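In the working numbering, the protein residues as written are -17 to 100. By construction, the Cβ of each residue, glycine as well, lies at the ideal position given by its N, Cα and C atoms. As the structure is a prediction and not an experimental result, all values here were calculated from the model.
What follows is the structure, given as structure tokens:
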């Protein structure tokens, strides 16, 4: 049975402030170091700035073509960045924003067991 866990870049499940404004972004999560198990990553962001902020998720690598890019309006609630995207083999999810220290991320990981398939 899969287990829920906190993002590895979080302390006790708290929001992760996004400090980086370019690649590599702020570390959000490092996936399980295995090829026979996987992490499904659920990631959300809030923008507490007075203007819209562009947020970029680097998922598994820093190639621009595979980045998730979203513009989040000012003080508009929680936005979904990743919705169960699969990561494994110690790859990382990193985030950077167009403005430093105004966006924060939260989320969780659903980690598979060795005998389980999704």
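In this structure, does DSSP put residue i in helix, strand or coil?
i	result
residue 101	The question about residue 101 has no answer, for the chain in this structure spans -17 to 100.
residue 36	strand
residue 15	coil
residue 86	strand
residue 48	helix
residue 92	strand
residue -3	coil
residue 2	coil
Out of the options, state which residue places its alpha-carbon closest to the alpha-carbon of residue i.
i	options	result
residue 23	42, -1, 8, 59	42
residue 66	58, 31, 75	75
residue 13	71, 80, 62, 0	71
residue 10	30, 20, 38, 17	38
Considering residue i, what are the terminal residues of the beta strand (DSSP E) in which it resides?
i	result
residue 106	Within the shown structure, residues of the chain are numbered from -17 to 100, placing residue 106 beyond reach of any answer.
Return the CA-CA distance between residue i and residue j, expressed in angstroms with no decimal places.
i	j	result
residue 87	residue -16	23 Å
residue 64	residue 26	7 Å
residue 4	residue 46	11 Å
residue 7	residue -1	11 Å
residue -6	residue 2	21 Å
residue -10	residue 57	26 Å
residue 34	residue 83	13 Å
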